[in-house]
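Accompanying notes for the structure given below.
Residue numbers (the working numbering): 19 to 769.
Set out below in structure tokens:
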């Protein structure tokens, strides 16, 4: 037996896959989708470089991808059976030369003889054994001759969408490369095919780390220098190497083909003996899919009558097609694509057009049949009507702070009191608006609200009071834990938006007060308030988790994440009921369940916990939390929506019975947030939930006579039963809609 070659695979996870719109998007490119089997393309690629055979051994893999996809990359990399050595996370796209350079910088210094295999994450290669044989052949040739070895795909048609490799004379399967050719026109592609001397360039190649480093240093010194600097200054956490943004941004944006391959001193090509499909279009996906007797590729709930040679995929509903041939139909929860297979190249133009309109996704229709607003409409409602209303009529500029509620016509409602937590929630919203670059006067509203909070809201003995009278005098001086948590959340966003040092100082004072006066050191968690009431609730601890996550996000300080974890631990040991898959809300002082009234659970809180726990799973690398989320998500989705309105109900028994069919607006917004993040994290369940909730929110609640306002509660028949618009609800609505816009890549932070 000959020597055994070892090789480190580097998987490139860049590219948006716009020709596979509407499934592949900037927010979730094609490599993260299950397109050819029950595994994602990335997972298939990982398993491809884990094959065991003679003469070649794969070392642990390196994955290169955008930092925006860190959770998706680590989720798919860590949950399978393939060992990943590191994740090289790019702060922005600089093309493949910089990506590859960053992935091998350390090897050039420590192990320059290390063989490296670079391959895309989004191709289909079904015969893994044949792929292994080709890589082994390439490794053997690389060991003999050095330089760079590429893998050439034997062309089967005159393709104009691929680059080509022209080989020299030899008997194969290893040849010298004469030259690389860019994507040709159709006539040139036919000439290439007829000559028998050309391969498709599949973007798969091998080299020794030291030789590639030398080529980059010789041909692209700036790319190499900036990649080295980006790695040297990288933020390293476990296997994640978050490249330095400034250094990486300074690298020229150039592909490895242009940067190195075309002028490398020695380069060879191995003829591939495996099947290959780059899945670059729906037409190619059809060719790579299992077909029925009529030549149709069918995925999801699809019914066909007299249909042939078509690609049909439904992710959300029954797709029925009759009497058509050679078409592509892709149905998503928020978009529907129909195109003739001969015109599949136009899909990329559609994706580009959709992005230019600012509506991503385009106008969708929910299950109810009512139109769901586009992102343009959502932005307009949020920034042109809601924020002007609540920074205007919603602010009490006579007595300070904000009004507890507005009437449905937009005038202040006199309820006789004002809650401090409502002021904190509005600070959160206005700070968020400032951060997002809203062109209204968020800073003035923030200054007013912060002044009221700090001059009249802080108790002489420490902590934030509970209630003011309408005229701004103190009505209830107790320090409620729920209130303290919302002030902490508001201060985190205020500090994030303004960098006012006072925000951090007041947060530290608040935490110190809670540590000294509200923590129950004997039983765990917090007391309900400074009055040491004889009951406990889960809800304040949920918002403590939210506040600590916010401070962790803005500071990166692990101490805040550790504080957040105390609420998670309490959730697992006390709040979560494993029998009913529900969250218990009310307890005695010793954390035993209260039995003086019927047990009730709130589906809205279930969804809120799902959102927060999924975030904690990301921040603290605790994927086991997703199992709790799956169960809560299943319970709320199965039992928590009123049949007549599809709205999330206010409460029900733990087993899903005895539903109270009334439904407040905040429950719908929490379901929207949970649905978005559950979908992004691949949580099993209804992937259309966020579309359903947008439908419910905009078509049942945000229809008040005052633009930018809402009806706060409906009955089981959809009739409005609320008397006013609570200001406290703005926090829920604002957070949910901003999360949705960020999810659709429409609203990046501008800080």
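The beta-carbon is built from N, C-alpha and C at its ideal position, and this holds for glycine as well.
Residue 200 holds the alpha-carbon nearest to the alpha-carbon of residue 217 among 426, 572, 200. Distance from residue 197 to residue 184 at the Cβ level is roughly 5 angstroms; contact confirmed, criterion being Cβ atoms closer than 8 angstroms. The C-alpha of residue 744 lies about 30 angstroms from the C-alpha of residue 607. Per DSSP, residue 398 lies in no beta strand (DSSP E) segment; the continuous alpha helix (DSSP H) that holds it begins and ends at 393–398. Looking from the CA of residue 630, the closest CA among 611, 650, 612 belongs to 650.
Taken in chain order, the complete beta strand (DSSP E) segments of 3 or more residues contained in the segment 80–149 are 102–108, 133–138.
Note on residue 114: 16 or more other CB atoms within 10 angstroms of its CB, so buried under the neighbour-count rule.
The residue among 78, 675, 278 with its C-alpha nearest the C-alpha of residue 100 is 78.
Using a Cβ distance threshold of 8 angstroms, residue 575 and residue 516 do not count as a contacting pair. Rounded to the nearest whole angstrom, the C-alpha separation of residue 578 and residue 350 is 38 angstroms. The three-state secondary structure of residue 22, taken from DSSP, is coil.
The alpha-carbon of residue 671 is positioned some 15 angstroms away from that of residue 614.
Counting only unbroken stretches of 3 or more residues, the beta strand (DSSP E) elements lying wholly within the segment 290–335 are 315–317, 320–323, 329–332, in sequence order. Pairing residue 340 with residue 52, the inter-Cα distance amounts to about 26 angstroms. Taking 8 angstroms as the cut-off, the beta carbon of residue 431 is found closer than this to the beta carbon of residue 421. Contact annotation: the segment 124–131 touches the segment 224–231, with at least three C-beta pairs closer than 8 angstroms. The C-beta separation of residue 442 from residue 508 comes to about 4 angstroms, placing the pair in contact by the 8 angstroms criterion.
Of all C-beta pairs linking the segment 676–684 to the segment 736–752, three or more are shorter than 8 angstroms, placing the two stretches in contact. Listed as beta-bridge partners of residue 606 by DSSP are 553. Straight-line spacing of the CA atoms in residue 31 and residue 139 works out to 5 angstroms. Excluding its 5 nearest sequence neighbours in each direction, residue 636 has C-beta neighbours in its own chain below 7 angstroms: 89, listed in chain order.
When C-alpha distances from residue 494 are compared across 565, 505, 481, 506, the shortest belongs to 481. By the CB criterion at 8 angstroms, residue 436 and residue 419 fall inside the cutoff. The beta-carbon distance between residue 48 and residue 59, rounded to whole angstroms, is 6 angstroms. This is short enough to meet the 8 angstroms contact definition. Nearest C-alpha to residue 543 among 694, 264, 203, 593: 593. Cβ neighbours of residue 344 within its own chain (closer than 8 angstroms, five residues either side excluded): 326, 327, 328, 358, 359, 360. Residue 509 sits in a helix when the DSSP states are folded into three classes.
With respect to the C-alpha of residue 395, the residue from 746, 717, 70 having the closest C-alpha is 717. Check the Cα spacing between residue 107 and each of 94, 213, 266, 96: the tightest is with 266. A distance below 6 angstroms between beta-carbons, with the five flanking residues on each side excluded, links residue 746 to the following residues of its chain, in chain order: 440, 443. The way I'd put it, the segment 143–155 doesn't touch the segment 174–183; fewer than three beta-carbon pairs between them come closer than 8 angstroms.
Using a 10 angstroms sphere on the CB of residue 611, the tally of other CB atoms stays under 16, which defines it as exposed. When rounded, the separation of the alpha-carbon atoms in residue 241 and residue 262 is 14 angstroms. The Cβ atoms of residue 174 and residue 288 do not sit closer than 8 angstroms to each other. Annotated as distal: residue 486 and residue 405, with beta-carbon spacing of 8 angstroms or more.
The DSSP-derived three-state label of residue 558 is helix.
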